[in-house]
Each structure stands twice: as structure tokens, then as C-alpha cells.
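Asker: Chains as they are written, first to last, in my numbering: chain A, 32 to 216; chain B, 10 to 146. Below you will find the structure I want to go over with you.
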Amino acid sequence: MDFIFQPWAWYIGGPLIALSLFLYFYFGRDFGASTNFETLCTMAGAGKVSDYFKKDWKQRDFALMFVVGLIIGGFISSSYLIPNQTIDLNPKTVQELTDLGFANVGNQYFPNEIFGDDIYTSLKGFLILIISGVLIGFGTRYAGGCTSGHAITGLSSLQLPSLLAVIGFFIGGIIATWLIIPLIF
Amino acid sequence: MKNIKFLILGIFFAIVLSKSQAISWYRFYEMFKFQSFHMFGIIGGAVVISAIIMQLFKSGKIKDINGNKIVPKPKKKGFVSTIFGGTLFGLGWGVSGACAAPVFVIIGFKLVPALIILAGALLGAFIYGLISKKLPN
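Here it is as C-alpha cells:
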């Protein structure tokens, strides 16, 4: 039982992600998550505004079940499986973030500076989340996939567009952490 | 309820991402700063093993549950769309630490912030749908 409550090393997580991909394909579907953003738009009635969303979402009901599972799994993990959210970060990372004004670095999964009460009281906190979300939704659809679809499925099936997309993911992520985070904090 | 297997797979995948810390904002920050091997190990390990699995699919050694050959759909091509779209996604990913599957997992950890990110993502996908025909590929 001890294993369940300890953090899992990369060599446990990596293979289990590959197992998830395997099962997804074995069940007859392509592994990926960002198409759900489109499906949810369609369900909300976006087809009335744009033909792009005139799709039969019932054909993707399996993916919506997967999404419901993700939410349930997140709830189970946070409530029962992770008694201690401490992360063994590189001391340099801790120092850098502390210098930027982050408190309790690595003592929880999500920093209060982005996921804390600021979103209720400051426009800045709210804007950080909503704009990030817009970039995630727009970017994954424009690129045709996310980390699951491109980085895992696309790279492992040796598709060139996925390599380009992953290069893009890292360009964006590096700009965000090296330039934007120091700028907004 | 033929889709119940996807529900269970979703729960399993969420637990894997949560327990291996692959949904933690700090882990992505560390990765983009090249200060830890952890996330590279997770993604790299997943890709290498998946590549072997893909070969087994391709050779027909493993068929799907209905006995059909497994062929991953080809990704849409386009240099500008994949690089530029990828970069925009990376900006949001780097700042918020959330991507398409984890954003749903994070709902179980930080309900309201994750819902705001999700609302943004739906808005982003909606904007893409509106202007997709006018964008360069």
C-alpha cells in the first residue's frame, strides 16, 4: 500500500501513459484530448454560429466518457491518493521562484500565486487563467493536437507534423517560463 | 454502456498523471527551465514505449478489440499551423501548467481555477472554429 501513497517516479509514469495509449487504441480509438474542446463547443450550440462546429458529437461520446473519467480520477487522486503534495524540486527552481515572490514553492502541486484566492479578488489573477486557457484551446486546435495527440501519439507513430508541433510547444513553454512569468510576477 | 471502458481508462490515466506529478505546475516550470529530468523522463519514456507499441500495431501483431488493424489517423499537415499553433499552446501551457487532458484532471484538485482555464480553452477552440478558414496552414 505504501507504493500507492508515494509519488511515482518517471519510469513508472512514462510506461503507464504508454499503457493508456495502448488501451485507447486497443478499444478502437485515437488517443488525444484536445478534440474534446471542439466537441464541448458543439454541444453548447456553437454550430448555430459556425459551420465548423456542425458535427455529430454523439460519435465522440467515448471521448466525453474519458473526460468524465479524468475529472473523477483527479478527484480520487486529490482526495485519497496524495496525502502529501510535496514535490522534490531542484533547489535552483525553488530559489528562482522564491526570488520571483512565490511562497511555499513545491509544498503543493499548484502555486497559490496562480491557483489561489487571487482569482477571486484580482483581475490579473483571473486574466492569467483565462488567457492561458484561450491560448491552450486555440493553439491545440490550430496545431491539430496537444501533448497526448502530438507529443505521445504523433511522435511515437513518427509523424512529421507532430515533431513540428512539439517544437512549437517547447518554444512557447520556454518563452512563457523564461520571459512571461518573470514579467507578470 | 459500451463506453464505460473509456470512463475507467480516464480514471486510470488521471491517477497516473496525478501520482507521477505530471499535472503539477512546478514540474512544467522545472522542465522548461531544464532543471529536472522528471518530465522529460515521463514524456520520453511514454514516447519510446509507445513507438514500440505502434510498430506492433503497424505490423498487425496487435489488433483492436473488434479485430481491426490499428492505424493512427494521420495528423493534419501544415508548417505554419503546427509550429505557430503549437507555440501559442506552449505559451498557455507554460504559464498555467495545464494542457488538454490535465485541465480536466486539475478540476479534481483546484475546481474554480481549472474551470476558468477550461472556459478559456473552449473560448479559444470556438474562436479557432470561427476563423479557421482564414488562417494560414
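Backbone N, C-alpha and C define an ideal beta-carbon position, used for all residues, glycine too. Being a predicted model, the structure only gives us computed values, none of them experimental.
Which chain A residues sit within Cβ distance under 7 Å of residue 83(B)?
Answerer: At a C-beta separation below 7 Å, residue 83(B) has these neighbours in chain A: 190.
Asker: In or out: residue 37(A) buried (at least 16 other Cβ within 10 Å) or exposed?
Answerer: Exposed, by the Cβ-count rule.
Asker: How should residue 33(A) be labelled, buried or exposed, when 16 other C-beta atoms within 10 angstroms of its C-beta is the threshold for buried?
Answerer: exposed
Asker: Rounded to a whole number of angstroms, what is the C-alpha to C-alpha distance between residue 151(A) and residue 200(A)?
Answerer: 29 Å
Asker: Is the Cβ of residue 145(B) closer than 8 Å to any Cβ of chain A?
Answerer: Taking a beta-carbon distance threshold of 8 Å, residue 145(B) does not count as an interface residue toward chain A.
Asker: Contact between the stretch 68-79 of chain B and the stretch 72-79 of chain A: three or more CB pairs below 8 Å?
Answerer: No, because fewer than three Cβ pairs between the stretch 68-79 of chain B and the stretch 72-79 of chain A fall closer than 8 Å, the two stretches do not touch.
Asker: Looking at chain B, which residues of the stretch 47-58 of chain A have a Cβ within less than 9 Å of any of its Cβ atoms?
Answerer: From the stretch 47-58 of chain A, only 47, 48, 49, 50, 51, 52, 53, 54, 55, 56, 57, 58 have a Cβ closer than 9 Å to chain B.
Asker: Return the residue from the list 210(A), 48(A), 43(A) that minimises the CA-CA distance to residue 131(A).
Answerer: 210(A)
Asker: Consult DSSP for residue 143(B) and reduce its assignment to one of helix, strand or coil.
Answerer: helix
Asker: Could you tell me the alpha carbon to alpha carbon distance between residue 65(B) and residue 47(A), rounded to whole angstroms?
Answerer: 17 Å
Asker: With burial defined as no fewer than 16 other Cβ atoms inside 10 Å of the residue's Cβ, what is the status of residue 129(A): buried or exposed?
Answerer: exposed
Asker: Apart from the five residues just before and just after residue 41(B), which ones in its own chain have a Cβ nearer than 6 Å to its Cβ?
Answerer: 103
Asker: Within 8 Å of any Cβ in chain B, is that where the Cβ of residue 89(A) sits?
Answerer: By this cut-off, residue 89(A) is not an interface position.
Asker: Do we get a CB-CB distance below 8 Å when we pair residue 133(B) with the residues of chain A?
Answerer: Chain A contact via Cβ: present.
Asker: Among the residues of its own chain, which have a CB less than 7 Å from the CB of residue 179(A), if the five just before and after it don't count?
Answerer: 62, 63, 64
Asker: At 4 residues or longer, and completely inside the stretch 79-123 of chain B: list those alpha helix (DSSP H) runs for me, N to C.
Answerer: 88-105, 111-116
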